[in-house]
Structures are given as structure tokens and as C-alpha cells.
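Student: Quick one: structure below, then a few questions.
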Amino acid sequence: MPRSGRPSAQRPRRSRRTSRPPRRAPAGDDPGPHPHTRRRAWLAGVRALTRVSAPVPGAVPAAVPSGVPVPGADLVLRGRTFRPGHPVVMAVVNRTPDSFYAPARHDDRSADAAVARAEEEGADLVDLGGVRAGRGPRVDVAEELARVLPLVERVRARHPDLLVSVDTWRAEVARAAALAGADLVNDTWAGHDPRLVEVAAEHGLGVVCSHTGGAAPRTDPLRVQYPLPDPLPPGTGPDVDPLDGVVLDVVATLRRAAERAVGLGIPPGSVLVDPTHDFGKNTWHSLHLVRRTQALVALGHPVLVALSRKDFVGETLDLAPEERLEGTLAATSVAAWLGARVFRTHDVRATRRTLDMVAAIRGDSPPVRAVRGLA
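Okay, here's the thing in C-alpha cells:
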């Protein structure tokens, strides 16, 4: 992809800071006595910060966003509702010997320990997989079932508060996982087996709708292109980016898949949409999809992003999987700010803290404690 596809970076003009600092709230505006509770402290801080002085005539306005992006849709699984104030962390636990990220390779014993650690570090959901996404030795249905089903059963028995997802593209595996207690089917290969979503609907499971650009399971992208359609769709703005071709394709694919899932009886809050970074995409595509997260949020379903240590992070920073944590967290922060709701990750503790901070900055949740300047 030519570099001309990137938005031009222009350094914003600096203006002298001439406005007065925010004035303190009058005593009559205080909601009550000293805010001993966390909620009162949070509200007091918000009220104080929203009282800004009038702009100085002739001053150059700062180039800042006009507001916080709209929140993403609620996630509903197993009768539980996760609202924007609680970003959902999905921990990756691969029951595979050949995951691209070495610390994510588990046998039965280490997989059990990984699930327990994920719950302790703040995961809401565990995604259990028996076949690596990339190329490798063939794994038939029987072997995938042998790897995944016992783990699903143990997680359900030992961790009743954890939601359980199974990462598979095979309807047979999804059906067995549903009977073993799974809550969600993570179909990372975009409906390669069209029966899979039917199984999810039949058993009352949620489903992840994904986009791979037509790629078959366990294949890598090769010279993939998503040209802009001609003519452009109605309502397309004048500032269209050459890379928006991939966004239009992803949105159209996910809309069709989500509509089918809802039509089969799966509640909209249990139908997740995943742009599926790296799958059927090059690094330019994946970076642009992070920038355009709001286009996915507009579909009205919870947006799942699986950014953890992926190749687009590695290529952007020229780093191996073991060194991609900071890049992953940067992409995670942007996606969370723009309204993504579910975050698939190998690094639960770091992701949980990052998401909680973004939620507080957005105003979706209060700080755990807020006493500075209030005592």
C-alpha cells in the first residue's frame, strides 16, 4: 500500500494559553457535605471541570476533539449485561502446542493455571482454542474436541463466574462445547461453516461475527486489496480515505452476518462483531480499521477487537511477539476510546488496567478513589 494512503500529518498551530483556569464551583452547587463516597467525589470533580471560562476574543481555538465518542452497545451473555462502564476482557487460553506466542501454548495442567490466573487478574471471559489460527500441522475434529472439551468442562465447574468462549470455525465443535457449558462461539473464520451460527442459536449461545475477506481457515493474506467502490455508497463524505475500501467491506460483511444471527433468534447484545485485524488484511488495513472503530460501533452490536501482539503491531514497530505489549496497549486504548467493548488479550492484568483508565477518562466509570484536592 503506498504511503499516500495514510492521512497527512500536520503539526497543529500553537496558541498562547490566555484563558483563566476553571473557577471553583460555588458552595451552593455542592451536592452535599464532603464527598466521602467514591461516587460523590467523582461527580464533584466532573462538575468542577465542566465550569470553564469563556474564550478570549481573537484567541486561536485549540485543535481538540469536540467530545467523547458514543459508547458501544451493551454485551449480554448468560443473562449478564456488561455496560460501557465495564470494558470486557477476554483472556486467550490456547490448548495448543504451537501458538504464535510461546507463553500462550498450554497443555491441560498449564491451561488450568492460566484460566485461574486470568480470572484473578480481571478477566470476564476466557476464549478457549484448540487449533492455532495460522499455518501448521492439520488438526482434525476429533483432536480439536479432545483438546477443548475437557477444558470447557473444568472451567465451567471450577470458575462459575467466568464466561466461556470457544474459538472454532467447526459446527461440530461448537455443538459439543455448548453441551459442555460454553456461552459464546468465537467464529474467527467468518462463517466458513454456515451451520455454526445455527448451532449457536439452537443452544442459546452468543456468537462472534468476523471478517476475513474470503480467506479460508489457517491461511495467510497474500496481496490483499480492498479498492473503493465506484460509485461510492450514498452518504460517503468528501474526505474519504483510499483505505476506506477495507472499512466498507468489513462493515458490509459484518452487517450481513449479524443480521443472519439475529434472524435466527440470537439477541443483538449477544451478537459480537469483530473486524478481525490481520486476517485477510495487511498492516495498513489493520491500522486503518483501528482508526475507524466508530464505523463498527455504528452497527449497533458489541464490538470485539483481537489486537493482542498481532503482526500489524509487530510490523509497525518492527518487534517480535514477545515485545509487542506496549503497541498492543496503545491500539487497545484507541479502540476503547472509540467504543469497542470486548478485548481479546494474552495480557489480562495490563489490559484490565488500561481499559479501566480509558473508561474513567471517557466518563463511563468513576475512579476507584478520588481524594486529591477534595480533602
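Numbering that gives the first Met the number 0 puts the sequence shown at residues 0 to 374. The C-beta atom is built at its ideal place from N, Cα and C for all residues, glycine as well.
(1) According to DSSP, simplified to helix, strand and coil, what is GLY205?
(2) In the DSSP output, what is ALA90 paired with across the bridge?
(3) Per DSSP, what are the beta-bridge partners of ASP273 in this structure?
(4) Would you call the CB atoms of LEU124 and LEU178 closer than 8 Å?
(5) Excluding the five sequence neighbours on either side, which residues of its own chain have a C-beta within less than 7 Å of the C-beta of PRO220, listed in chain order?
(6) Pull the bridge partners of LEU76 from the DSSP assignment, please.
(7) Taking DSSP's pairing of strands, which residues face ASP166 in a bridge?
(8) Alpha carbon to alpha carbon, how far is VAL92 from ALA369?
(9) Measure the C-alpha to C-alpha separation of ARG259 and ARG371 and round it to an integer number of angstroms.
(10) Can you name, in chain order, every residue of its own chain whose Cβ lies under 8 Å from the Cβ of LEU324, other than the five neighbours on each side?
(11) Pull up the distance between the alpha-carbon of ALA115 and that of PRO70, whole angstroms please.
(12) Below 8 Å, how does it come out for the stretch 198-208 and the stretch 167-184: are there three or more Cβ pairs, yes or no?
(13) Please list, in chain order, all residues of the same chain as ALA401 whose beta carbon is under 7 Å from its beta carbon, the five residues on each side excluded.
(14) Evaluate GLU143 with the Cβ neighbour count: other Cβ atoms within 10 Å of its Cβ, from every protein chain shown; 16 or more gives buried, anything less gives exposed.
(15) Between GLY299 and PRO267, is the Cβ-Cβ spacing less than 8 Å?
(16) Which same chain residues, not among the five before or five after LEU227, have their C-beta less than 6 Å away from its C-beta?
(17) Which residue marks the beginning of the beta strand (DSSP E) containing LEU303, and which one marks its end?
(18) Straight-line CA distance for ALA103 to PRO86?
(19) Give a yes or no on whether the C-beta atoms belonging to VAL304 and ALA334 are separated by under 8 Å.
(20) Under 8 Å between the Cβ atoms of GLY338 and VAL289?
(21) Taking the alpha-carbon positions, what's the GLU152 to VAL196 distance?
(22) With distances taken between CB atoms, is the gap from ALA251 to THR187 smaller than 8 Å?
(23) Where ASP28 and ARG361 are concerned, what is the direct C-alpha to C-alpha distance, given to the nearest angstrom?
(24) Can you name the residues that DSSP bridges to ARG104?
Tutor: Quick answer:
(1) Per DSSP, reduced to three states, the secondary structure at GLY205 is strand.
(2) ALA90 is bridged by DSSP to VAL125, THR344.
(3) Answer by DSSP bridge pairing, in chain order: SER209.
(4) Result no, Cβ atoms of LEU124 and LEU178 do not sit closer than 8 Å.
(5) Excluding sequence neighbours, PRO220 sits near ALA214, GLY279, LYS280, ASN281.
(6) DSSP lists ARG79 as partners of LEU76.
(7) ASP166 pairs with GLY128, ASN185.
(8) The C-alpha of ALA369 is placed about 35 Å away from the C-alpha of VAL92.
(9) ARG371 has its alpha-carbon roughly 50 Å from the corresponding atom of ARG259.
(10) Taken in chain order, the residues that qualify are ARG308, ASP346, ALA349.
(11) Spanning the alpha carbons of ALA115 and PRO70 requires a straight line of approximately 30 Å.
(12) Yes, they touch.
(13) Shown here, the chain extends from 0 to 374; a query on residue 401 therefore has no answer.
(14) Taking all protein chains shown into account, GLU143 has 16 or more neighbouring C-beta atoms within 10 Å of its C-beta and is therefore buried.
(15) One thing to note: GLY299 has its Cβ within 8 Å of the Cβ of PRO267.
(16) Counting only Cβ-Cβ distances below 6 Å, and skipping sequence neighbours, we find GLY244.
(17) LEU303: member of the beta strand (DSSP E) spanning 303-305, first to last residue.
(18) Computed Cα separation, rounded: 22 Å.
(19) With respect to ALA334, VAL304 sits close: the two C-beta atoms are nearer than 8 Å.
(20) Going by C-beta atoms, GLY338 is not nearer than 8 Å to VAL289.
(21) Roughly 21 Å between the two C-alpha positions.
(22) The Cβ-Cβ distance between ALA251 and THR187 does not fall below 8 Å.
(23) Unreliable placement is indicated for ASP28, whose pLDDT of 44 sits below 50; the coordinate value is still reported in the next sentence. ASP28 and ARG361: Cα-Cα distance of roughly 23 Å.
(24) DSSP lists ASN93 as the bridge partner or partners of ARG104.
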